[in-house]
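Notes follow once the structure below has been shown.
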Amino acid sequence: MRALHIDDLRPGFVLGQALVDDQGQVLLHQGVRLTQPYIESLRAKGYTQLFIQDDDDVGVDIEEDLTPVVRARATRTLRAAFQDVAKELDSLRGKTSEDMIQVLSSDTVRVLAGPGGPLDQIYDLVSQILDEVLTQSTLAGLTSLKSADARLYEHSIDVCVVAMMIANAIHLPNTRMRQLATGCLLHDIGMVFVDPRQKESRRIRNHTILGYELLRHSDEPDILSPHVAYEHHERQDGTGLPRYLVGSNRIPRIRRGDSPVPSLIGEIAAVANAYDNLLSGTRDRGPVAPDVALGEIGDLAGAHFNQEIVTAFRRVVPVYPKGTRVVLHGEPFNNFLAVVSEVNPSDLARPTVTLVRDGRRKRVRPNEVNTQNYANVTLRIVGL
38 MRALHIDDLR PGFVLGQALV DDQGQVLLHQ GVRLTQPYIE SLRAKGYTQL
88 FIQDDDDVGV DIEEDLTPVV RARATRTLRA AFQDVAKELD SLRGKTSEDM
138 IQVLSSDTVR VLAGPGGPLD QIYDLVSQIL DEVLTQSTLA GLTSLKSADA
188 RLYEHSIDVC VVAMMIANAI HLPNTRMRQL ATGCLLHDIG MVFVDPRQKE
238 SRRIRNHTIL GYELLRHSDE PDILSPHVAY EHHERQDGTG LPRYLVGSNR
288 IPRIRRGDSP VPSLIGEIAA VANAYDNLLS GTRDRGPVAP DVALGEIGDL
338 AGAHFNQEIV TAFRRVVPVY PKGTRVVLHG EPFNNFLAVV SEVNPSDLAR
388 PTVTLVRDGR RKRVRPNEVN TQNYANVTLR IVGL
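Using my numbering, read the sequence shown as starting at 38 and increasing by one per residue.
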């Protein structure tokens, strides 16, 4: 079974997993053959990916971090909120950052982030996401496949999910967890004010500052949430943006003199944001496989990302997510193709796989192999 973006679907593809709407009603059952009207209807309802059966299907049920119902509802809610804010503040486009900050700090903007404003529904959305994510011991490990027009919202949802799992792993209190979740869903709200043609460094600086200025004037008590928007591009070594904050690579906050220190929830969001950008790709770089993304996050721990947070991150994110195709290297399965059938909670880098093709790519009778029993065998994800 493969996860395909809705733009890549074609009539005749067979649905690998049932779909339900935001009311919990089944839209299409598993095994249904897709038609063009089905595809267009699902696109209109906010679905961005489907699981499709293929020739190497071995009956592995792909796991998702959020149910389709909650993901579709979250996408629609964020789209509406971001668009409402952009509409209300359309007059700011073209102004300098200083002029924007002055407007965003005025009382007339407070209603946008306060009760009854466009962002008010985000706080209810947090509860729905927490209820689903915190029942899991590990992430599914596969980001949602993002469409161009909804990427900003889908990215925010996926960052929120990853951040919640990290927070749970380090036993973050519930109040802080809700602040983190709210901040992650809105961490890129400043993008609605930023010209996409700006240089990357300027876009990063401006959207973090403008997002913070908008959110910090909320009447909500989650006063730390705006710092997620402010700090998700900061780095431990002080080379991040927009304030060049220096971290301690520890979970406890350690202050050096009078210099400001990054917030813990900002540092968690930085890891989650980078991970999803690696999986999904950016305008400057295409997507990479989960095993590559985890390797890069690990390589940057200490310099860019809080080392202790990355350690917690690696305890909840599988290197080889369930359902991914992998090539095995090492005898007796050298160059065999397999599908990850189970993630081993005790070792997220050593899954159980189902062999589907031999070293010459000829079909073999499906056979499960626990790679924990073959220390000499390495794996590499292919076909994503």
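Ideal placement from N, C-alpha and C gives every residue a C-beta, glycine not left out.
Beta-carbon separation (whole angstroms), residue i vs residue j, contact threshold 8 Å
| i | j | result |
| --- | --- | --- |
| I226 | L251 | 6 Å |
| T219 | S262 | 4 Å |
| I308 | F342 | Per the sequence shown, residue 308 should be read as Val rather than Ile. Their Cβ separation, rounded to whole angstroms, is 5 Å, which keeps V308 and F342 in contact under 8 Å. |
| P327 | L179 | 7 Å |
| H269 | A306 | 4 Å |
| Y84 | A109 | 6 Å |
| T112 | Y190 | 5 Å |
| T72 | P48 | 5 Å |
Nonlocal neighbours in the same chain, by C-beta distance under 7 Å from residue i, ignoring five residues either side
| i | result |
| --- | --- |
| L171 | M201 and N205 |
| G360 | M38, V97, I99, V376 and V377 |
| R397 | none |
| P258 | Only weak support is given to the placement of P258: the predicted model assigns it a pLDDT of 49, under 50, and the value that follows is read from those uncertain coordinates. Correct list: empty, nothing qualifies. |
| L129 | M137, V140 and F230 |
| E333 | L315 |
| S300 | L261, H264 and E268 |
| E169 | L103, T104 and V107 |
Within 9 Å, strictly: CB atoms of residue i and residue j
| i | j | result |
| --- | --- | --- |
| V401 | V376 | no |
| I166 | L103 | yes |
| D127 | L316 | no |
| L52 | R80 | no |
| V198 | L176 | yes |
| Q235 | Q344 | no |
| A412 | I203 | no |
| P388 | P355 | yes |
| G367 | V406 | no |
| I291 | Y357 | no |
| H66 | A55 | yes |
| E237 | D321 | yes |
| G303 | Y267 | yes |
| G335 | V347 | yes |
Contacts around residue i, its chain only, beta-carbon distance under 8 Å, and the 5 residues preceding and following it disregarded
| i | result |
| --- | --- |
| P403 | V95, T391, L392 and V393 |
| V146 | L126, V140, L251 and H254 |
| P382 | S174 and T175 |
| T245 | G227, A266, Y267, E268, H269, H270, L278 and P279 |
Cα-Cα separation between residue i and residue j, rounded to whole angstroms
| i | j | result |
| --- | --- | --- |
| V163 | H208 | 18 Å |
| V148 | E101 | 35 Å |
| Y281 | T408 | 43 Å |
| D157 | A118 | 8 Å |
| V363 | E135 | 50 Å |
| S193 | A311 | 12 Å |
| F373 | L331 | 23 Å |
| H264 | R215 | 13 Å |
| S296 | T276 | 15 Å |
| S285 | R351 | 19 Å |
| G151 | I138 | 18 Å |
| G339 | V283 | 11 Å |
| M228 | G248 | 8 Å |
| S143 | A187 | 30 Å |
| P233 | K124 | 17 Å |
| S78 | D92 | 26 Å |
Sequence-distant residues of its chain with Cβ nearer than 6 Å to residue i (five each side left out)
| i | result |
| --- | --- |
| T240 | With the sequence shown as reference, residue 240 is identified as Arg, and Thr is not the correct amino acid for it. Correct list, in chain order: V231. |
| L278 | I241, R242 and H270 |
| V380 | P355, K359 and P388 |
| L385 | P355 and V356 |
C-beta neighbour in chain D for residue i, strict 9 Å
| i | result |
| --- | --- |
| H269 | The displayed structure is made up of one protein chain only, and chain D is not part of it. |
Self-check item: Entirely enclosed alpha helix (DSSP H) segments - the region 268 to 356, minimum 4 residues
Solution: 301 to 317, 327 to 337 and 344 to 353
Self-check item: 4 or more residues per run - each alpha helix (DSSP H) lying fully within the region 181 to 248
Solution: 188 to 206 and 211 to 222
Quiz item: What beta strand (DSSP E) runs, 3 residues minimum, are completely inside the region 91 to 135?
Solution: none
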